[in-house]
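The numbering used here numbers the first residue of the sequence shown as 45 and each following residue consecutively. Heads up: the structure comes next, in structure tokens.
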Amino acid sequence: MGVRKRERAEAIKEAKKTQYFAKLNNCPTSPRKMRLMADLIRGEKVEKALNILKFSAKESSRRLEKLLLSAMANWQAKNEEGSIEEADLFVKEIRVDGGTMLKRLRPAPQGRAHRIRKRSNHVTMILAANDNTQS
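Dropping the structure here:
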């Protein structure tokens, strides 16, 4: 059992060498609104994803654009001799998870109160390089 676990950990470590990620925690946008933009760039090449985000009018696109640039910078830090254009990077995975919720009370008629939930989210973006070595 210990050998299998070690082999699996080594396989995961090898896979992480070709993946580059960036995280955005506690972003004050609802996860539902952020997922709309995340779905547009999932699986796209980095250049196309940047264009989609740059020319979108939504506020969440600005935050995702910065996150994508951060993931590209992380790739550049690990591969100082390579260029991003030749690497053929694409958005392998993008996850939008719910974050903490700020709960507020808004006065309502007849002495009641309605709860307002101000949502936030966590975004994880993983970039990967296309392997052109496949025959």
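Note that CB positions come from ideal geometry on N, CA and C, so glycine has one too.
{"Query": "Per-residue DSSP class, three states only, for E88", "Result": "coil"}
{"Query": "Beta bridge counterpart(s) of L171 as assigned by DSSP", "Result": "Y64, V135"}
{"Query": "Rounded C-alpha distance that separates R52 from A59", "Result": "11 Å"}
{"Query": "Cutoff 6 Å; reference R150; Cβ partners in own chain excluding five residues on either side", "Result": "H158, I160"}
{"Query": "Proximity to R106 [Cα-Cα], best of L133, M78, N123", "Result": "M78"}
{"Query": "Enclosing alpha helix (DSSP H) for K122 [first to last residue]", "Result": "103-122"}
{"Query": "Close-in-space but distant-in-sequence residues of the same chain around I170 (CB under 6 Å, 5 per side omitted)", "Result": "Q63, F65, K136, E137"}
{"Query": "Buried/exposed call for T73, threshold 16 Cβ in 10 Å", "Result": "buried"}
{"Query": "Min CB distance R150 to chain D below 7 Å", "Result": "Annotation note: the requested chain D is absent from the structure, which comprises a single protein chain."}
{"Query": "Neighbourhood of K70 by C-beta distance below 6 Å, restricted to the same chain and skipping five residues each side", "Result": "The sequence given here places Asn at residue 70; Lys does not occur at that position. Same-chain partners within the cutoff: G143, S164."}
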